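Taken in order, the sequence shown gives residues -21 to -1, 1 to 899; the numbers are from mature numbering (1 follows the signal peptide of the UniProt record, and there is no 0).
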Amino acid sequence: MKHLRALIILAFLTVCTVVFAPSAFALGESTTLTVKTVIDNASEYPTQVAGLSARYTASRIYLMKYSASTANAPSGIDSKVFDIVNNQSTAIKYNSVSGAKCDTFWFCANQYTDKHLSLKSVEYTAANNLKQYQYDPASSPNQYSKTPFNWVQTIDSKKVSSITLHFQYNPDIGSAAPDPDPDPSYTKTVDYLGDGAANPDTTVNGVNDYRLYLDLLTQQAMEDNKADIVFVLDVSGSMGDALASGQTKINLLRSTMTDAINNLTTNPNNRISIIKFSSGSEVLVSGSSNKNTLLNAVSSLTANGGTNYYASLADAVAQVNALTSSDNQNRDKVVIFLTDGDPTFASPAVETTTNNTYAGMIFACDSARKFSNVDKFYSVFIGDNSGSASTLQTITQMVPVSNERYMVQATNAQQLTDTFNRFMSKMSNSLYHVTLTDGLSDYVAYTGGLKVTKTTGSGAPVPLTLGADYSVSTGANGLSVTFLDTLKADTRYAMSFNVRSSDKALDEFYDSQSYPNLGDPGTDYAGNATSAGRAGFYSNSAATLKYSFGTSGSAEKAYNKPVVQVVEPAPISAEIKLTKVLNGMELKGGMFNFDVTQVTDQGDVPLGTVSNADDGSISFDTLDKMISISEPGTYTYKVKEVIPATPQTGMVYDTRTLDVVVTVTRANDALVTEVSYPSGQEFVNSYAPQPVYVTLEAHKELSGKPLAADMFSFSLLEGNGTAVDTQQNDALGNIQFKPLPFTHAGKYTYLIREAVPFPVDPRINYDLKTVTVTITVTDIGGVLDADVAYSPDATFRNEYVYAAADATVQVKKILTGMQLTTGMFKFELKNLDTGATMTESNLADGTVSFKLKYTTPGTHTYSIREITPTTPLAHMTYDTHTVKITVNVTDDGSGALTTTTVYPEDPNFYNSYQIRGGIW
């Protein structure tokens, strides 16, 4: 490339004539070119050729342009389109052009060219006014100069030129012969798990448990189908465009290649190379059988750049040569080339940064011709441009092959898939899209434990991973396992899972005591002969093996049918739980009896009589043998209390009939019961003897003041302090509470307290005691009697205390004959009610005062007398009469005492002093 760049003298140089000897003829004159089209193999495809409607392009090139960034390329072009008809000539007229530097003709496909046509060669001589044209990429001869087969030079532009174009009709690739069915071996077996023998895949061991096995054994890989496959993949920018379906071409390429690799790598003798190309070319993988390596390369493909057929085909040539030299197994050499456009780049032969389809076509054809040792060459054009497809067809037909070469145009995803399938036919005998389906019969139920394994050769089974290696779909009757990858050769794949004999199987066997089916041959698990030729129920309605093979083959196989048997569960007794509740009396065991009957289609059948326990539970243990159930169903029982012929006085019996519904179902290998009680679970009796009524009483006493009705309040409380009643005393001090009803025998405690008012009357001292009343109620033949005891006595004693009231009782001493002095005489006041006395002396004025104090209302009577001294005073005459006085003490209505003194008409005492013989 440095050498080429050294040849560049100017940034832009118009060239054409420099590559020829100096011309003696004028350039750019008006001229005519007669083109004859011949389809060389028309006789092989007469119908197809006769029906062709195709056109081709003849371009007159009179200017060429070259620069440092753009290889030598036409810049002055006059293109004409003509029809392609076998053995038909067409005269094409070109007008004169000014400034022409050369005069050449280029022939190529256009959008009207049929994809089946390839340009095989051009035929001319100097007599046709034409000669060979040499293309110099750098505008002057160098190592990359080429003589294009479809580019010719005019000798004299003033003369008429003529040329014959030879085409070849290329038929569509035919359908591959159907691939032979690999016909893998497959079996279905059943292992009875209830025989006590261990199973390596499960620990389940119920008497009605089984494990089903479905397997297939793939064939050995086919030796005669091994190949070296070279994929040449276009990742140019246009591959990022979407097809009509909305899917981009690059995504379609990745998905198609993924399927191809999954298929091809199942044959370990295949070697695969992957080349990607856009503006340049790169070998991503060379001769590998590692699926992950290949898939990683495919997943990394992205779209960008131009379309370089030349470099990619050159890399493919090198790959084929290298694989051939390292091949010691005589593999087929297969090249698959995929693109969506015309060749636009040709580096390193052509220095270019833009599209140059002329150079691209020249060098693509050059690379195509350099293949050797290729057995099959396939090319695919993705898109609907038939002219571009024809260009690829022309290049494809230049590849030398020993077997076949085809170009296919694919306009959608399905066509591309079908094309790849055809290309890769018979490259593998492996199975793919493999699904094992077991459509379980109604006589078994799936119980889990699914395992999927593969066993290669004589090795141990290897568990496969859900989601990575296989998927599972389940339905109402069975399940399917689909393997996500193509199956390996010489490998046993198996799915196994647990089932149990269904309720339907148990029911039918219970009814008929026989089996309807015989197990198919070969359905016994190793060491467990319970199926082949044995009576039982078929485990499946249909079990199938479905798989695809080759490019489009598919098959479906039916597995043999194993059988299962049943073991009936042991009978079970229903556990009935009813309770006796007795209100009003202590319940004792055996106090009440209950009749039990079973409801049948023929009527109620008596089963026996049971009684209650101390805790009220009603035991049915004695009826267990009678209530013994051996099959699922719904069973109804009736329980009714037995009313004695002579009912107990005061007893109210529960006359209801309680329904008991027992639902029996199977759970694995046993029967289970569920008991319901639509009418409830309790019989409730009430004992209510003739009640007794007790009236509690108390008494109130008040000192210090007369007692009045309703003067004090009293509370009756239950023993826990709950208030029951409040009453007041009557005028006589009686206190009576409302009658208390008693309906049950027993001891009852009540409390009686005086209700002290708030605020309290400060003049009353209240009795704060609590009287405990114990009432003993006894049941005497259904009639209650009560005995009442008070502790302490039921009398509440209050005291009323008045503020003391004073009273002064006065009498007067009148003395004649002597001067009266204080203390001269003494007087005695005597309480005629109590006999108490007090003495006082007179004052100088004769007043004698007795001061009295009273704390309660009342009437007090006193007598007052003068005390005659033991030694009377001589000449003194003492008054010896007695004065009676009454003091009335009353409550003024506000709680205060007032006194009133009642004196006699003359309350005075008269004494005289007289000396006898005197003169007074």
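All residues carry an ideal CB built from backbone N, CA and C; glycine is no exception. This one's a predicted model, so the numbers in the text were calculated from it and none came from an experiment.
- Bounds of any alpha helix (DSSP H) do not take in L222, whose DSSP letter is neither H nor E.
- Judged by their CB atoms, A734 and V868 are not nearer to each other than the 9 Å cut-off.
- In the three-state scheme derived from DSSP, where H, G and I count as helix and E and B as strand, Y289 is classed as helix.
- Less than 9 Å divides the Cβ of D824 from the Cβ of L799.
- In terms of Cβ geometry, L463 and L410 do not form a close pair [threshold 9 Å].
- Closest option to E547, judged by alpha-carbon separation, among D115, D758, I142 and G173: G173.
- Separation of D593 and A667 (C-alpha to C-alpha, rounded to the nearest whole angstrom) is 20 Å.
- In the three-state reduction of the DSSP assignment, I341 falls in the helix class, which pools H, G and I.
- Excluding the 5 residues flanking it on each side, A206 has same chain C-beta neighbours closer than 6 Å at N249, R310, D311, V313 and M406, in chain order.
- Exclusion of the five residues before and after K540 leaves K167, N496, G498, D499, T502, Y517, S518, N519 and A522 as the residues of its chain whose Cβ lies within less than 8 Å of its Cβ.
- Per DSSP, the unbroken beta strand (DSSP E) holding E620 starts and ends at G612 to E620.
- DSSP links C87 through a beta bridge to T36.
- With 16 or more neighbouring CB atoms inside 10 Å of its own CB, S510 falls in the buried class.
- Boundaries for V186: no alpha helix (DSSP H) harbours it, and the DSSP string shows neither H nor E there.
- Contact between V380 and K355 holds, since their C-beta atoms are separated by about 6 Å, short of 8 Å.
- It is roughly 19 Å from the alpha-carbon of L144 to the alpha-carbon of G30.
- L232 and E330 have their C-alpha atoms roughly 29 Å apart.
- When rounded, the separation of the alpha-carbon atoms in D321 and K80 is 27 Å.
- Straight-line measurement puts the Cα of S267 at about 41 Å from the Cα of V101.
- Cβ contact annotation for P440 (same chain, cutoff 6 Å, sequence separation greater than five): T432 and T434, in chain order.
- When DSSP reads this structure, E653 sits in a beta bridge with T642.
- Beyond the five residues adjoining it in sequence on each side, E610 comes within less than 6 Å, by CB distance, of Y489 in the same chain, given in chain order.
- Straight across, the Cα-Cα distance linking E487 with R635 is about 39 Å.
- Under the three-state reduction of DSSP output, I894 falls in the coil class, being neither helix nor strand.
- Check the Cα spacing between S215 and each of K228, S224 and Y165: the tightest is with K228.
- Counting every other CB atom within 10 Å of its CB across the protein chains shown gives K717 a total below 16, marking it as exposed.
- Shortest Cα-Cα distance from V17 to any of R39, N66, Y41 and L42 involves N66.
- Counting along the chain, the unbroken beta strand (DSSP E) around P585 starts and ends at G582 to S590.
- Boundaries of the beta strand (DSSP E) around N777: T774 to Y779.
- Remark: C-beta atoms of T244 and N275 do not approach each other more closely than 9 Å.
- Closest option to L811, judged by alpha-carbon separation, among Y841, L794, T801 and V780: Y841.
- DSSP places S48 in the coil class of the three-state scheme, outside both helix and strand.
- The Cβ atoms of Y504 and L415 do not sit closer than 9 Å to each other.
- DSSP, reduced to helix, strand and coil, places G366 within a helical segment of the structure shown.
- Here A424 has V478, R479 and S481 as same chain residues with Cβ atoms under 7 Å from its own Cβ, once five neighbours each way along the sequence are excluded.
- Between Y892 and G796 a beta carbon distance of about 3 Å is seen, short of the 8 Å cut, so the two are scored as contacting.
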